[in-house]
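Trainee: Number 147 in UniProt numbering belongs to position 147 of the sequence shown; there are no gaps in the numbering.
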Amino acid sequence: MGNVAGLGGPADAGSARRGTPSVGNVAGLGSASGVGGPHRRASGAGRFRSATSPTPRAASVRPSARTSSRGPAHGSPPSGGVRVPTPSGGEVLLTRRHFLYGALGIGALAAAGAGGTVIAQQMGSASDDDVAVLEVPKSAVTAVIASDAFAEVDFAERMQLASTCELPYGSLVWANDDEIAACLLPGETGKPLTQVALLSLSSGSYATVLERAVGSDEGFEVYDVRATSSGLVWTEADILDGVWRIYTARSDGSSLGTPTLVDEGNADWETPAIAAVGNRAFWQVLPKADGAKRTEDSLLKRATMGATDVEVAWTSHGRMASAPYGLEDSLVITPRADTGSVHYQLTHLDAASGEALDTLVLPSSMKPLEAGYGATGFTFAFDGAYQYGDGIADLGTYLPAATVTDGGYSAAPWVRFDRSPSAAPAWCGSFFMVKSTSAVCGVDLDAREWFAFDVESGADTYGEYLASTGIRDTVVTFSNIDDKPVNADPRKCCLVRVWTPTA
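Dropping the structure here:
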């Protein structure tokens, strides 16, 4: 969907729909809580601050050509999105920012700009000489596929299925919890556009907890969702008017509490990227790159699930590079460093206190597509190559080969998974999990091995998709399958697979 966006400053005359919205047909709900009072912008980085104002973003990725299900293949970086057809003949699109837009015949997508322009203005900038940036020589980086340092093994020798589930064809899945995953299911008739379900990772069963958007009577649809065992955060938007809202609610894993409106915005701001960490919801509010608010700060906000205690967790004097990355009790963001030129600072935040646990500044103008955190420290991905940067100049997903302590990233050996990234990576036990061109792959840094899950027959062009983030004991993948074998029954579904290591 286009750059639907949020509010900054006082209540904007262009922002319609004030007051408490009516609750849609939500499973087990009462009425929704609204966000009251004037909107005002907070500033300052680091510790959480109270906030009552709104604001966000999206970028796209076109699926690359399919390759053998036995592993990834070379290819140019995707440039459009993971297009998932729906049963009624329409389409949904999963972008690199994990934002769903466009489905079931909606024609108001002309404003779907990538919003990738970088704003150069800085506030209170420090001298670039005062900032230590990542410097890695080429000799310190090992490519997983291209080198002989890692051996390919059969995935069945390393991973086993724990559970499977068949969702309606066209569904999307996100997993950042040991027990449940959030699912967007396509509506059967196109109205509602989507429904929200929670999937049990142990049993493979799922329950629809939000049958339509809270603001469905006003033209809103649900476009994005994240969940933990404690609650949900989701995005609703009216793309015709360019208006968005962020809701949270508590959950017991099979039903939803009362939705609470925690933020809303208009077309001056991009639609927020969201994350769920424990009992807290996070969302990023970014000004539209070519909009009236383009010189405004970018904000990371948070609230307790089902509550109105909205706080500004971090302020970036410039646009953040990637979506927030949720872990068990922390998250990773990519704000701009306070330097005269453009530097992105990978920042690992404690979800409860807002304190920075670790930071890493990339070389000037190097913009990560995704950033995360794992057993060895920060990981980040580039969807294109740079003509500078030495060892980290190439396309792919990077991570330290050994655990980094005291910020010693420049002195560490590095590994690059040398395929076009289209999803944030994850960890499952000792395996670093990454989405390749068509397959989901695992890398064992200690054993110097890698594997690729088989892709189901009839899977869409993006193949198997990685749903998991963070460090977990399981990894969740999914694929939308439309298979018409000659000598067997046709199969049309979204197949979700939950994996665990064999050892």
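In this text, a Cβ means the ideal position worked out from N, Cα and C, and glycines have one as well.
Based on the DSSP output, what are the partners of Thr258 in its beta bridges?
Mentor: Residue mapping note: residue 258 aligns to position 258 of the sequence shown, counting from 1. For Thr258, which the question treats as bridged, DSSP gives no partner whatsoever.
Trainee: Using the beta-carbon count (16 or more within 10 Å), is Leu172 buried or exposed?
Mentor: In the sequence shown, the residue the question calls residue 172 occupies position 172. Label assigned to Leu172: buried.
Trainee: Using CA atoms only, rank isn't needed, just tell me which of Leu299, Thr194, Leu201, Ser163 is closest to Val214.
Mentor: Numbered from its first residue, the sequence shown carries residue 214 at position 214. Here the closest residue by C-alpha is Thr194.
Trainee: Can you check DSSP and say which residues form a bridge with Asp224?
Mentor: In the sequence shown, residue 224 corresponds to position 224, counting from 1. Answer by DSSP bridge pairing, in chain order: Thr235.
Trainee: For Asp383, which residues from the same chain have a beta carbon less than 7 angstroms from its beta carbon, with the 5 sequence-adjacent residues on both sides left out?
Mentor: On the sequence shown, residue 383 is found 383 positions in, with the first residue counted as 1. Closer than 7 angstroms at the Cβ level, and outside the excluded window around Asp383, lie Pro77, Leu369, Leu395, Ser420, Pro421.
Trainee: Classify Ser216: buried if its beta carbon has 16 or more other beta carbons within 10 angstroms, exposed otherwise.
Mentor: Counted from its first residue, the sequence shown places residue 216 at position 216. Buried, since its Cβ has 16 or more Cβ neighbours within 10 Å.
Trainee: For Phe453, which of helix, strand or coil comes out of DSSP?
Mentor: Residue 453 sits at position 453 when you count from the first residue of the sequence shown. In the structure shown, Phe453 sits in coil (DSSP, three-state: anything other than H, G, I, E or B).
Trainee: Considering only the alpha carbon of each residue, which of Trp427, Ala207, Glu218, Thr502 lies closest to Ala197?
Mentor: If you number the sequence shown from 1, residue 197 lands on position 197. Closest option to Ala197, Cα to Cα, is Ala207.
Trainee: Using DSSP bridges, identify the partner residues of Leu240.
Mentor: Position 240 of the sequence shown, counted from the first residue, corresponds to residue 240. According to DSSP, Leu240 bridges with nothing at all.
Trainee: Compare the C-alpha of Cys183 against each of Asp473, Lys484, Ser468, Pro259 and name the closest.
Mentor: Mapped onto the sequence shown, residue 183 falls at position 183. Closest option to Cys183, Cα to Cα, is Ser468.
Trainee: Would the beta-carbon of Val476 fall within 8 angstroms of that of Ala276?
Mentor: Here residue 476 is taken as the residue at index 476 of the sequence shown, counted from 1. Here residue 276 is taken as the residue at index 276 of the sequence shown, counted from 1. No, these two residues do not count as a Cβ contact at 8 angstroms.
Trainee: Straight-line CA distance for Glu264 to Leu286?
Mentor: Residue mapping note: residue 264 aligns to position 264 of the sequence shown, counting from 1. Residue mapping note: residue 286 aligns to position 286 of the sequence shown, counting from 1. If you take the alpha carbons of Glu264 and Leu286, they lie about 13 angstroms apart.
Trainee: Contact between the region 150-159 and the region 394-411: three or more CB pairs below 8 angstroms?
Mentor: No: the two stretches stay apart, fewer than three of their Cβ pairs being nearer than 8 angstroms.
Trainee: Pick helix, strand or coil for Asp350, following the three-state DSSP scheme.
Mentor: Position 350 of the sequence shown holds residue 350. Asp350: strand per DSSP, three-state reduction.
Trainee: Tell me Val153's beta-bridge partners as DSSP assigns them.
Mentor: Within the sequence shown, residue 153 is the residue found at index 153, counting from 1. Per DSSP, none; premise fails for Val153.
Trainee: Would you call the CB atoms of Gly306 and Ala249 closer than 8 angstroms?
Mentor: Along the sequence shown, read from residue 1 onward, the residue named residue 306 stands at position 306. Along the sequence shown, read from residue 1 onward, the residue named residue 249 stands at position 249. In contact: Gly306 and Ala249 (Cβ atoms closer than 8 angstroms).
Trainee: Whole angstroms are fine: how far does the CA of Asn480 sit from the CA of Thr347?
Mentor: Working through the sequence shown from its first residue, we reach residue 347 at position 347. Working through the sequence shown from its first residue, we reach residue 480 at position 480. When rounded, the distance between both Cα atoms is 34 angstroms.
Trainee: On the three-pair Cβ rule with 8 angstroms, is the region 454-469 touching the region 434-442?
Mentor: Because the criterion of three Cβ pairs below 8 angstroms is met, the region 454-469 and the region 434-442 touch.
Trainee: Three Cβ pairs or more, each shorter than 8 angstroms: is that satisfied between the region 344-363 and the region 129-137?
Mentor: Yes, the region 344-363 touches the region 129-137.
Trainee: Considering only their Cβ atoms, is the gap separating Ser229 from Asp309 smaller than 8 angstroms?
Mentor: Here residue 309 refers to the residue found at position 309 when the sequence shown is read from its first residue. Here residue 229 refers to the residue found at position 229 when the sequence shown is read from its first residue. No, the Cβ-Cβ distance between Asp309 and Ser229 is not below 8 angstroms.
Trainee: Quick one: any contact between the region 236-245 and the region 185-193, if contact means 3 or more CB pairs under 8 angstroms?
Mentor: Verdict: no, contact absent.
Trainee: Can you give the beta carbon distance from Thr379 to Thr397, rounded, assuming they're within the 8 angstroms contact cut?
Mentor: On the sequence shown, position 379 is the one that residue 379 refers to. On the sequence shown, position 397 is the one that residue 397 refers to. Right, their Cβ atoms sit about 6 angstroms apart.
Trainee: Are the beta-carbon atoms of Arg280 and Lys288 separated by less than 8 angstroms?
Mentor: Counting from one through the sequence shown, the residue named residue 280 turns up at place 280. Counting from one through the sequence shown, the residue named residue 288 turns up at place 288. No, Cβ-Cβ distance for Arg280 and Lys288 is not below 8 angstroms.
Trainee: Which residues in the same chain as Val434 place their Cβ atom closer than 6 angstroms to its Cβ, once the five residues preceding and following it in sequence are excluded?
Mentor: For the purposes of this step, residue 434 is taken as residue 434 along the sequence shown, with counting starting at 1. Once the five neighbours on either side are set aside, the close Cβ partners of Val434 are Thr397, Phe417, Pro425, Cys441.
Trainee: In this structure, what does DSSP give as the bridge partners for Pro501?
Mentor: Against the sequence shown, residue 501 aligns to sequence position 501. According to DSSP, Pro501 bridges with Met159.
Trainee: At which residues does the beta strand (DSSP E) containing Ser438 begin and terminate?
Mentor: Taking the sequence shown and counting its residues from 1, the one referred to as residue 438 is at position 438. Note, Ser438: premise wrong, no beta strand (DSSP E); not H, not E.
Trainee: Helix or strand or just coil, what does DSSP make of Lys492?
Mentor: Counting from one through the sequence shown, the residue named residue 492 turns up at place 492. Strand at Lys492.
Trainee: Measuring straight from C-alpha to C-alpha, what distance separates Ala393 and Ala292?
Mentor: Here residue 393 is taken as the residue at index 393 of the sequence shown, counted from 1. Here residue 292 is taken as the residue at index 292 of the sequence shown, counted from 1. Cα-Cα distance, rounded: 34 angstroms.
Trainee: Put Ser316 into one of helix, strand or coil per three-state DSSP.
Mentor: As a working note, residue 316 is residue 316 in the sequence shown. Strand, per DSSP.
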